[in-house]
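Since the structure comes first, as structure tokens, the remarks are kept for the end.
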Amino acid sequence: MTDRPRHSRRPPAGAARELPNLRTLPRSFYERAVLEVARDLLGMMLVRDLPRGRRLVGRIVEVEAYDGRRDLACHASKGRTKRTDPMFGEAGRAYVYFVYGMHCCLNVVTGPVDYPAAVLLRAVEPVEGWRWLAARSSEPARIASGPGRVTRAFRVGLSLNRADLCGGGPLRITRGKPVPPRLIARGRRVGVDYAGAWASKPWRFGVRGHPALSRPFGSGRRT
DNA sequence: ATCGAGATTACA
DNA sequence: GTAATCTCGATC
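The letter at position 194 of the first sequence is residue 194 when you use the numbering used here, and the numbering goes up by one with no holes.
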């Protein structure tokens with residue numbers, strides 16, 4: 001790996017209070033090719049601060065990469081619009097969009113400014129603060145498996161669109177234990193069958209065999 | 001002003 | 001397999 005991410009959060013000078021042992025990923029982590037960022041996000045921690053000092057932490061176990069205007073599965077293939085604008089902006093910020101009249105999806109913007117690319121967070125494994133999360137009937141309980149469930153569990157709505165994940169905001173991603181390549185499953189992205197050849201790019205990544213994966217991984221081929 | 005589609009989820 | 005549900009983007 002070329003550029004080992006350094007920790008952006010340094011000990012605040014005076015205020016010794018609420019010093020997280022969690023190290024926020026620096027912007028440089030996101031200022032790379034989206035496929036690398038996607039892979040490297042596996043194992044990292046999604047952190048959400050809620051009112052009343054509550055905090056949710058979850059380990060990212062499944063993601064998808066969307067890469068630029070040429071990628072017909074990427075929203076930015078439609079051009080720069082009000083909706084897709086965040087993807088053209090600064091890396092390390094959230095791109096949140098609303099779909100199917102009921103779900104929000106959370107993405108992390110990557111790459112240089114003006115190059116629209118992002119990583120969709122599809123599944124997260126609970127680590128901290130999840131006791132209240134009402135699991136659905138037959139589920140293994142307490143997982144956020146699927147992009148709509150991730151945002152629901154983490155209370156991520158459109159108000160967090162463009163939120164900076166590298167700063168001290170209510171939503172951030174911190175350093176976790178990276179997942180070694182041999183434990184990473186790849187496959188085609190979900191729900192993008194309309195994208196022609198781009199639909200079969202193996203740009204979905206997940207922790208192999210993890211129970212929180214939103215769907216089984218098929219055989220990914222092609223670049 | 002109206003219309004159609006969608007990076008999904010839950011349930012019959 | 002399909003209903004639910006709404007924002008955005010395109011079209012009239």
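Note that the Cβ used here is the ideal one computed from N, Cα and C, for glycine as well.
Contacts around residue i, its chain only, beta-carbon distance under 6 Å, and the 5 residues preceding and following it disregarded
i           : result
residue 174 : 22, 23, 24, 45 and 47
residue 282 : Past the boundaries of the shown model lies residue 282; the chain is included only from 1 to 223, so the question cannot be answered.
residue 212 : 61, 123, 125, 143 and 145
residue 65  : 34, 35, 38, 119 and 203
residue 160 : 94, 96 and 171
residue 218 : 187
Closest by C-alpha distance to residue i, when choosing among the options
i           : options               : result
residue 188 : 178, 28, 216 and 181  : 216
residue 100 : 116, 33 and 148       : 148
residue 80  : 154, 195, 115 and 190 : 115
residue 32  : 77, 68 and 183        : 68
residue 224 : 117, 153, 210 and 200 : Outside the shown range of the chain (1 to 223) lies residue 224, about which nothing can therefore be said.
residue 130 : 52, 53 and 58         : 58
residue 78  : 200, 195 and 218      : 195
Counted within 10 angstroms of its Cβ, other Cβ atoms place residue i as buried (16 or more) or exposed
i           : result
residue 197 : exposed
residue 113 : exposed
residue 126 : buried
residue 193 : exposed
residue 50  : exposed
residue 111 : buried
residue 53  : exposed
residue 176 : buried
Cutoff 7 Å; reference residue i; Cβ partners in own chain excluding five residues on either side
i           : result
residue 93  : 86, 109, 162, 163, 164 and 165
residue 158 : 96, 98 and 104
residue 169 : 163
residue 63  : 38, 41, 42, 119, 120, 121, 122 and 205
Beta-carbon contacts of residue i that lie in its chain and below 8 Å, excluding the five residues immediately before and after
i           : result
residue 156 : 48, 94, 96, 104, 106, 150 and 171
residue 27  : 8, 90, 91, 92 and 166
residue 210 : 61, 62, 123 and 125
residue 83  : 75 and 97
Check: residue i C-beta below 6 Å from any heavy atom of the ligand NAP
i          : result
residue 46 : The ligand NAP is not among the ligands present in this structure, which contains no ligands whatsoever.
Q) Are at least three pairs of beta-carbons, each pair with one atom in the segment 69-76 and one in the segment 140-160, less than 8 Å apart? A) no
Q: Run through the segment 140-168 for me and flag every whole alpha helix (DSSP H) of 4 or more residues, listed as ranges in chain order.
A: 147-153
Q) If you scan the segment 49-87 from start to end, which runs of the beta strand (DSSP E) of 3 or more residues do you find wholly inside it? A) As far as the segment 49-87 is concerned, its whole beta strand (DSSP E) runs of at least 3 residues are 55-67.
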